[in-house]
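Okay, structure first, notes after.
Protein chains: 2
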Amino acid sequence: MKILLIISDGLGDRPFSGLNGKTSLEAANKPNLNTLAKEGMIGLIDPIAPGVIPGSDTSHLNYLGYDPFKYYTGRGPFEAMGTGLTLRGGDVAFRANFATVDDDGVVTDRRAGRIREGTSELAKPLNMRIEDVEILFKEGTEHRAALVLRGEGITTNVSDNDPHSENLKPKEIVATAEDGKKTARILNEFYKRSLKILKEQPVNLKRKSEGLKEANAILFRGGGSVPRLPSFNEKYSIKGGYVAAVALVSGICRLVGLKDFTPSGVTGSTDTNVKAKFESAIKALNEVDFVLVNVKGTDIAGHDGSGVEKRDFIEKIDAAMSETVMKVKENTVICFTGDHSTPASVKEHTSDPVPILLRYPGCRKDGVGKFDEISAKDGYLRLRGSDLMNVLLSSANLAEKYGA
Amino acid sequence: MKILLIISDGLGDRPFSGLNGKTSLEAANKPNLNTLAKEGMIGLIDPIAPGVIPGSDTSHLNYLGYDPFKYYTGRGPFEAMGTGLTLRGGDVAFRANFATVDDDGVVTDRRAGRIREGTSELAKPLNMRIEDVEILFKEGTEHRAALVLRGEGITTNVSDNDPHSENLKPKEIVATAEDGKKTARILNEFYKRSLKILKEQPVNLKRKSEGLKEANAILFRGGGSVPRLPSFNEKYSIKGGYVAAVALVSGICRLVGLKDFTPSGVTGSTDTNVKAKFESAIKALNEVDFVLVNVKGTDIAGHDGSGVEKRDFIEKIDAAMSETVMKVKENTVICFTGDHSTPASVKEHTSDPVPILLRYPGCRKDGVGKFDEISAKDGYLRLRGSDLMNVLLSSANLAEKYGA
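Structure representation (structure tokens):
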């Protein structure tokens, strides 16, 4: 049997005053989800463990069977994936800022006036090769960016250049262990070259002429190694794919070797074409055994504090299931859940357990017959994220017996 | 937000014949607890793991986030804390008995006639220094006591002197490993000195004149190192305090660096002033972020086999909440649970999971609306003790997101 795992990002919620104290999922009109619940079982999942507030990165890793306490190597590599860079195990990634320095090299603004425009143009010429090391540089949101070093002998044992306050010069990078010397040398050279390159960029010349702070220096910190993960296909002896518009999630999916089936034109927001995502996922199931679909709109609406928008997006997901997901349910394990809770009342991730729905042909039916955070306590499932792949594989008859 | 963790010691119960088959918690009139349940969620917690019978020591350690399988170093150190001694990581503590020896040094009673009076006077002169080692000696209940060695090079690699039966002489202490030699030498010297000291004590002269067995020797066994625990405040980057009259619990709280807010005059029994404990805890929340309150009466009543007294004590707790706990609920995470079950029908600790109640502003409401062992199965929470701190911290918005 095939497996379709739909992750509605930030799905879990708390009572929301604008919805008469209901959660967005309780308030939503969701006939397809309720039908699947009637035909299967629901419950709660702690993406990491009770009380642990998941990030989308740690949660997706755990759901895919990669223990984040083993493989999550910090924000550097995962934020770099979030910029859309395709990383490889062993790459060393830093969190970076565009900053402003004066003629003496003293930092006058650590965020280059919170620059919003032109960072893509500024980032491109910072991709270069120094010695035998490939440097990848990619802009993120506002002044944020990712700096990645790829090559033999690159390690995380180096200091940062970020002075962490203004009116100071960026610090010289030094090795914090013997094996950090090469990395420190490369980073110091990168900083030197980047000053020259950035100064001449049209974006900065224009900013200067307009009296705006130039983005003429790069500060970086928090270097982390991209983990070397066993590939999903080898780990489970099946073929896997994904549909995800948001870079952090797609970066993780690529890192574990899932094949990209994301259709063009979809976004990581509430305006995305959910139906196109589902259509692409179902088509992909002809080629692979497992597809993860991430829809981000629930998280966006939660962060925006709009329980109403979140409810509407859940209704949009449910409607998009009619001609897609509901048509394949007789030969597919369907699992619908979230990677964490982003209650509209909190506007941030919380550790509240997330409702989960599981339906496959011939499965037990728990008789709850509806799908929301509160009903979920009466459902059949009470899982942790690390259980999920095992549950999905065995539901699909793709797991081996452990023992005789 | 602040955190108030109320631990009603031995709270969990089983059906009690004297309460028409209800548990003490079911039978109790507890409007405040039921109100908090209506406004939040209830459930069950296994203090250690299903089927594991917790001690108050292992359970409190686990609740505070210190894995007892890592940090619980045996009854020696924890019973020593139970005598009220303030211990430090690295101290080596033995379980000790006052015993009776005859003129030839042969043990004639391992428990000194189960002596009850005068042990405090007998214990005091046994506090001494031998070489550079500080010896702490403190009486416990009846013939029981604690012997603690504090100093450089003290280890647990020594034999006991307790012959474990009468008509034998106490054994000479020997090192069971090279690094136990100093400890063995100190203990043998302590035993020799203690014989001389105890013989001359007025308590023993009086016992001799009355034909009672003299408490004229100390037997010790089961040496264990006091664990070196990371401090609570550093571990969680918050400030913590406690209110607890029972020595074992307060000893653990002190060991992890919680600040003592126990008001004077409270006891570890059913006659304690629960309201004074709550008042002190709530005042403490002005100074610290987290307060653990232990009320012991439920456990005492359970051990006494009195379900009625246990029910009455629960009602006393509930009543004490009216003008205290219930007044701070809008800016405090309130958690009410027990450290284990002490069913009145069993008179001992059992592994039954313990009901837990969690209420904080904006939390999910599970709709159960009352609080007892049986309703708890319909509640939202199903935790293990090791989850508790994570759940409390994230409920109070004091936890960091794990990931991005």
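The listed protein sequences derive, respectively, from chains A and B.
Using the numbering used here, the letters of the first sequence map in sequence onto residues 628 to 1031.
Using the numbering used here, the letters of the second sequence map in sequence onto residues 628 to 1031.
All C-beta atoms in this analysis are idealised placements derived from N, C-alpha and C, irrespective of residue type, glycine included.
For Asp673(A), the uninterrupted beta strand (DSSP E) segment begins and ends at 668-673. For Glu906(A), the enclosing alpha helix (DSSP H) stretches over residues 901-911. With a cut-off of 8 Å on Cβ pairs, the region 1001-1020 of chain B is in contact with the region 972-987 of chain B, counting three or more such pairs.
Counting only the Cα atoms, Leu652(B) lies some 24 Å from Ser1013(B). Interface with chain B (8 Å Cβ-Cβ cutoff): Val1018(A) is excluded. Taking the CA atoms as reference points, Val876(A) sits about 7 Å from His687(A). Comparing alpha-carbon positions, the option among Glu827(A), Phe643(A), Ile865(A), Glu799(A) lying closest to Asn1024(A) turns out to be Ile865(A). When C-beta distances to chain B are compared with 7 Å, the residues of the region 632-644 of chain A below that value are Arg641, Pro642, in chain order.
In terms of beta-carbon proximity, Arg986(B) stays away from the interface with chain A, with every pair separated by 8 Å or more. With 16 or more other CB atoms across the displayed protein chains lying within 10 angstroms of its CB, Pro695(B) is buried. When beta bridges are read from the DSSP output, Pro681(A) appears opposite Tyr1029(B). The CB of Leu825(B) never comes closer than 7 Å to any CB in chain A; the least such distance is about 51 Å.
Annotation for Val785(A): Ile800, Val801, Ala802, Thr803, Gly807, Thr810, Ala811, Leu814, Gly850 place their beta carbon closer than 8 Å to its own, counting only its chain and skipping 5 residues before and after. Counting along the chain, the unbroken alpha helix (DSSP H) around Thr746(B) starts and ends at 746-750. Under the 8 Å criterion on CB atoms, Glu761(A) is classed as non-interfacial with respect to chain B.
With a 10 Å radius around the Cβ and a threshold of 16 neighbouring Cβ atoms, Lys751(A) comes out exposed. Residues of the same chain with a CB within less than 7 Å of the CB of Ser747(A), apart from the 5 flanking positions on each side, are Glu766 in chain order.
Judged by DSSP secondary structure, Asp736(B) falls within the beta strand (DSSP E) whose first and last residues are 734-736. When the beta-carbon positions are compared, Ile762(A) and Phe817(A) come within less than 8 Å of each other. Distances from the alpha-carbon of Cys990(B) to those of Lys956(B), Gly965(B), Ser978(B) put Lys956(B) closest. Per DSSP, reduced to three states, the secondary structure at Cys990(A) is coil, with no helix or strand assignment. Sequence-ordered contacts of the region 948-965 of chain B with chain A are nonexistent [C-beta pairs closer than 7 Å]. With a cutoff of 8 Å on beta-carbon distance, Ala872(B) and Lys923(B) are scored as near each other. Contact between Lys649(B) and Val733(B) does not hold, since their C-beta atoms are separated by about 54 Å, which reaches or exceeds 8 Å.
Arg820(A) sits in a helix when the DSSP states are folded into three classes. Contact holds between the region 632-646 of chain A and the region 947-963 of chain A, because three or more Cβ pairs, one in each stretch, are under 8 Å apart. When secondary structure is reduced to three states using DSSP, Val893(A) falls in the coil class, being assigned neither helix nor strand. Ranked by Cα distance from Ile845(B), the first of Thr685(B), Asn958(B), Leu774(B), Gly778(B) is Leu774(B).
Between the beta-carbon of Leu856(B) and that of Met708(B) there is about 12 Å, and that puts the pair past the 8 Å contact cut. Arg812(B) sits in a helix when the DSSP states are folded into three classes. DSSP places Glu766(B) in the uninterrupted beta strand (DSSP E) bounded by 760-766.
Taken in chain order, the members of the region 872-900 of chain A whose beta-carbon sits within less than 9 Å of a beta-carbon on chain B are Leu875. For the 8 Å CB-CB criterion, Arg834(B) and Glu841(B) form a contact. The CB of Ser1021(B) comes closer than 8 Å to the CB of Gly678, Val679, Ile680, Thr977, Ser978 in chain A, given here in chain order. Annotated as distal: Ser968(B) and Val679(B), with beta-carbon spacing of 8 Å or more. Here Val876(B) carries a helix assignment [DSSP, helix/strand/coil].
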